[in-house]
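What follows is a single structure, written as structure tokens, with notes after it.
So, in structure tokens, the structure goes:
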């Protein structure tokens, strides 16, 4: 087993190297992959992320979702290491969190169970949907609250593993579907 910190370090290096030469492709491929999913096509209320440097670029996906008339929600860090999701539109303003990421300003969705689709950020994924996130367990705690939403992770082939090579903890929450930027791998197992 390799510690999650080491997996994060390697996966971040893979993203950095890949995005240096393929940033535009990654942005367009992410849109094609996600919008091609039946779960996306059925969804009305989608939770996405506002990507940071070194992550798969999500801005075009956010714009596409808004143009498709979907209700789009972006995360904001809340007390007690929780996430709340803020509805956004073209006029939404953002402020920088002390950790450095941009977060939407607004009133959070009071009933997150209403979300239909969640694009779950992560650095590495297994075929079964196990993931190594950015640390802190924010999404693990959040995903428990949206049991009916389709949960999807997208990653690079270099950050995809047939089985986890990191320790999987009881509190780690799987995504239902994993897609790769090159090629496709899907997992439709129950979250466990």
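Residue numbers (my numbering): 99 to 290.
Beta carbons: idealized from backbone N, C-alpha and C, even for Gly.
Model, not experiment: these values are computed from the prediction.
CB of residue i within 8 Å of CB of residue j, strictly
i           : j           : result
residue 128 : residue 154 : yes
residue 135 : residue 124 : no
residue 78  : residue 162 : Within the shown structure, residues of the chain are numbered from 99 to 290, placing residue 78 beyond reach of any answer.
residue 244 : residue 210 : yes
residue 229 : residue 273 : yes
residue 160 : residue 252 : no
residue 170 : residue 201 : no
residue 114 : residue 233 : no
Residue i versus residue j - alpha carbon distance
i           : j           : result
residue 237 : residue 271 : 8 Å
residue 42  : residue 276 : Shown here, the chain extends from 99 to 290; a query on residue 42 therefore has no answer.
residue 182 : residue 99  : 33 Å
residue 214 : residue 104 : 33 Å
residue 263 : residue 221 : 13 Å
residue 235 : residue 218 : 12 Å
residue 283 : residue 254 : For residue 283, the predicted structure reports a pLDDT of 40, less than 50, and the residue's modelled location is therefore unreliable. The matter cannot be settled from this model.
residue 224 : residue 185 : 30 Å
residue 278 : residue 195 : 29 Å
residue 206 : residue 212 : 12 Å
residue 208 : residue 248 : 19 Å
residue 246 : residue 167 : 21 Å
residue 285 : residue 227 : With a pLDDT of only 44 at residue 285, under 50, the local geometry of the prediction cannot be trusted, and no value is derived from it.
residue 290 : residue 261 : A caution first: residue 290 carries a pLDDT of 36, below 50, which makes its placement in the model unreliable, though a value can still be read off. So the two alpha carbons sit approximately 15 Å from each other.
residue 158 : residue 265 : 34 Å
residue 143 : residue 197 : 27 Å
residue 179 : residue 119 : 34 Å
residue 112 : residue 257 : 7 Å
residue 192 : residue 259 : 35 Å
Limits of the beta strand (DSSP E) - the one that residue i falls within
i           : result
residue 182 : 180-186
residue 194 : 192-194
residue 222 : 222-224
residue 154 : Element bounds for residue 154: n/a, residue is neither H nor E.
Bounding residues of the alpha helix (DSSP H) (the contiguous stretch that carries residue i)
i           : result
residue 207 : Here residue 207 belongs to no alpha helix (DSSP H), and DSSP marks it neither H nor E.
residue 169 : Premise fails: residue 169 lies in the beta strand (DSSP E), 169-176, not in any alpha helix (DSSP H).
residue 113 : 102-133
residue 243 : Per DSSP, residue 243 belongs to no alpha helix (DSSP H) and is neither H nor E.
residue 161 : 157-165
Per DSSP, cross-strand counterpart(s) of residue i
i           : result
residue 144 : 170, 215
residue 251 : 276
residue 202 : 192
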